[in-house]
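Beneath this line is the structure, given in C-alpha cells, with notes to follow.
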Amino acid sequence: MITGDAAFIKKLNRGLILSQIIEHNKISRADLSKVTGLNKATVSVQVADLLEENLLIEEQLEHNNLGRRPILLSLNRKAGYALGIDLDKNQIMFTLSDLLGFPTHIEIVQLQTKDYNEILEILIEYIIDIKKKCQGSAFGLIGVTIGIHGLVSKDEKILFFPQLQWRNKNIKEDLQNMVDVTVFIENNANLTAFAESVFKHNKSNNLISISMNSGIGLGMIMNGEIHRGFHGYAGEVGHMIVVPDGKLCACGNQGCWELYASESSFFNKLGRSNADYYDIHSWLKLGDPDVTNQMDELIKYIAIGLNNIINMYNPEIIVLNSELLRLNRDAVKQIESRLNSNISHYGRLLVSELGKQACVMGACAFSIIKFLQISELNLQVTMKRTL
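Laid out in C-alpha cells, this is it:
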C-alpha cells in the first residue's frame with residue numbers, strides 16, 4: 055500500500071488516471087474507477103481538474119439502448135505538442151507530435167559542419183520556428199528531447215560525441231538559455247529502446263534495442279524504465295572489440311563492433327557511391343553477388359556481438375533497429391543460426407518496425423511522459439513503410 059501526504063497521493067492518482075485514459079483511448083468514469091481501483095469520488099474530482107486544465111475531452115456515446123448515454127473521456131491530444139530531435143553526424147531529424155505521439159510535422163536538415171556552435175544555432179533556429187507553430191494550443195510546445203549519438207551523463211551533459219568529436223558540451227543549458235522551453239538530453243539508443251517499449255512492446259519489462267545505423271548503440275528497458283548505469287552511459291556496445299587489432303575507431307580503440315556491424319560500415323565496404331536502401335533492396339532481389347556477400351558478412355558480425363550481449367543481459371526481447379536487416383527477410387533466421395551457444399538464452403529476436411523514426415518517436419514520448427507526470431505510457435501509432 056502506498057502512503058504519503060495528500061498532495062503526493064493526489065499526484066499519484068492523477069498519473070494513474072491519465073495513464074489509463076491514454077491506454078484505453080476512450081473510457082467512462084465508472085470504468086476508470088474499476089481499472090484504477092480508485093473510488094468514484096476520487097475519479098470525479100481528478101477528472102474535473104483535468105477537464106478544467108483542458109487535458110481531457112468528453113464525448114457522449116451514441117447507442118440505441120434505453121437509459122442514460124455514457125460519457126467517455128479521452129486525452130486532448132491537441133492540447134500540446136512534443137518535439138523530438140535525432141542529432142546524428144550528417145543530419146538532424148525534427149519530429150513534432152501531438153500528446154498521443156502522432157507525428158504532425160517531420161523535417162530533416164543535412165549537416166555541412168561538425169562545429170558545435172554552428173549546429174547549436176541550427177537547433178535554436180528550428181526550435182524557435184516550431185515553437186511558434188504550437189502557440190495556438192493550450193500548452194504549446196511542452197518539451198524538446200534530443201537524442202545524442204554518444205555518451206550522455208545522468209545530468210544530461212554530452213561527455214563525448216565520437217563522430218562529431220564533441221567533448222563536455224552542456225547543450226541542454228545552452229539551448230534553454232536561448233529558447234524558453236524545457237529541454238531533455240538523452241542517448242539516442244535509450245530513446246530508441248523507449249520508443250519500442252511505448253509503441254510496440256509495452257508489456258515487456260526486459261527489453262534491449264540495438265540501433266545499428268551510423269554507429270551501434272544499445273538501449274535497455276528494465277522494469278519499465280530506461281537503464282542508464284552508474285554514470286548514465288550504459289549500453290555503449292558499439293565500442294565492444296570484436297576484432298583484435300582491427301580497424302581504428304573514432305573512440306581510440308581498434309576493432310570496435312560498429313566498424314563491422316553498422317549500416318555505415320556496410321555502405322563503406324560496399325564502395326558504391328550514392329547507393330541507398332532502394333538500391334540495396336533491388337540488388338538483393340536480383341541476387342547481386344557483391345551485395346549478398348556483404349550482407350552475409352554483416353550478419354556474421356552482428357551475430358558475434360549479439361552472442362556477447364545475450365550472455366551479459368539474458369534479455370526477454372531483442373529489437374534490432376536496422377533498415378538493412380528489414381530489407382533481408384531472412385535476417386533474423388540467419389542471425390539466429392549463428393547463436394548456437396548452450397548458455398546463450400533470450401526470449402525473442404526481431405527487427406524493429408519503427409525504423410529510423412524510432413529515436414524521434416521515443417524523444418517525443420519522453421517529453422510527453424515528463425509533461426503529464428505519469429509513470430508509464432502506452433501509445434499506438436501505425437508506421438507507413440515504403441519498402
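Each residue of the sequence shown is one higher than the one before, starting from 55 at the first, in the numbering used here. Ideal Cβ positions, reconstructed from N, Cα and C, are used throughout, including at glycine. No experiment lies behind these values; they were computed from the predicted model shown.
Unbroken beta strand (DSSP E) run spanning residue i, endpoints
i: G69; result: Element bounds for G69: not the beta strand (DSSP E) but the alpha helix (DSSP H), A60 to H78.
i: P335; result: A small correction: the amino acid at residue 335 is His; Pro does not occupy that position in the sequence shown. Careful: H335 lies outside any beta strand (DSSP E), inside the alpha helix (DSSP H) at Y331 to L340.
i: V386; result: Looking at the DSSP string, V386 is not in any beta strand (DSSP E); the run it does join, the alpha helix (DSSP H), is A385 to E390.
i: L324; result: Per DSSP, L324 belongs to no beta strand (DSSP E); it is in the alpha helix (DSSP H), E317 to L324.
i: G155; result: Per DSSP, G155 belongs to no beta strand (DSSP E) and is neither H nor E.
i: V233; result: Premise fails: V233 is in no beta strand (DSSP E) and is neither H nor E.
i: R402; result: R402 to V405
i: Q308; result: Neither: Q308 is in no beta strand (DSSP E) and is coded neither H nor E.
i: G271; result: G271 to M276
i: S258; result: Careful: S258 lies outside any beta strand (DSSP E) and carries neither H nor E.
Reduced DSSP category for residue i - H, G, I as helix; E, B as strand; rest coil
i: S191; result: coil
i: M55; result: Note that M55 scores 43 on pLDDT, short of 50, meaning its location in the model is unreliable and no value can be drawn from it.
i: S82; result: strand
i: M266; result: coil
i: K208; result: coil
i: E430; result: coil
i: S395; result: coil
i: R221; result: strand
i: S421; result: helix
i: H293; result: helix
i: N241; result: strand
i: D140; result: strand
i: F214; result: strand
i: R380; result: helix
i: V252; result: helix
i: Q411; result: helix
i: T199; result: strand
i: Y287; result: coil
i: L109; result: coil
8 Å contact criterion, which residue i and residue j should meet: CB distance rounded
i: V233; j: K226; result: 11 Å between Cβ atoms; not a contact.
i: I262; j: I125; result: Rounded, the Cβ-Cβ distance is 42 Å, inconsistent with contact.
i: E312; j: G269; result: 4 Å
i: M349; j: A315; result: Their Cβ separation, rounded to whole angstroms, is 12 Å, which puts M349 and A315 out of contact at 8 Å.
i: A249; j: I280; result: A249 to I280, Cβ: 11 Å. No contact.
Reference residue i; option with closest CA among the options
i: N432; options: N267, F253, N361 and A412; result: F253
i: I353; options: D384, Y367 and D342; result: D384
i: G306; options: G292, G190, Q164 and R68; result: G292
i: L403; options: V435, S429 and P369; result: P369
i: I81; options: G401, S316, V101 and V297; result: V101
i: I150; options: L174, I181, Q164 and N231; result: According to the sequence displayed, residue 150 carries Leu and not Ile. For L150, the nearest C-alpha among the options comes from I181.
Segment limits, alpha helix (DSSP H) that includes residue i
i: I105; result: The sequence shown places Leu at residue 105, not Ile. It spans K94 to E106 - the alpha helix (DSSP H) in which L105 sits, taken as one unbroken run.
i: G359; result: P343 to Y367
i: E370; result: That residue, E370, is in no alpha helix (DSSP H); it is neither H nor E in DSSP.
Q.
With three or more beta-carbon pairs closer than 8 Å as the criterion, would you say the region 415-424 touches the region 186-202?
A. Three or more beta-carbon pairs separated by less than 8 Å link the region 415-424 to the region 186-202, which places the two stretches in contact.
Q.
Under 8 Å: do the region 334-347 and the region 287-305 share three or more Cβ pairs, one atom per stretch?
A. The region 334-347 makes no contact with the region 287-305; the number of CB pairs closer than 8 Å stays below 3.
Q.
I want to know whether the region 208-216 touches the region 369-383 - three or more CB-CB distances under 8 Å.
A. no
Q) Is the region 391-401 in contact with the region 153-172, if contact means three or more CB pairs nearer than 8 Å? A) no
**Q.** Given 8 Å, three or more beta-carbon pairs between the region 180-190 and the region 136-148
**A.** yes
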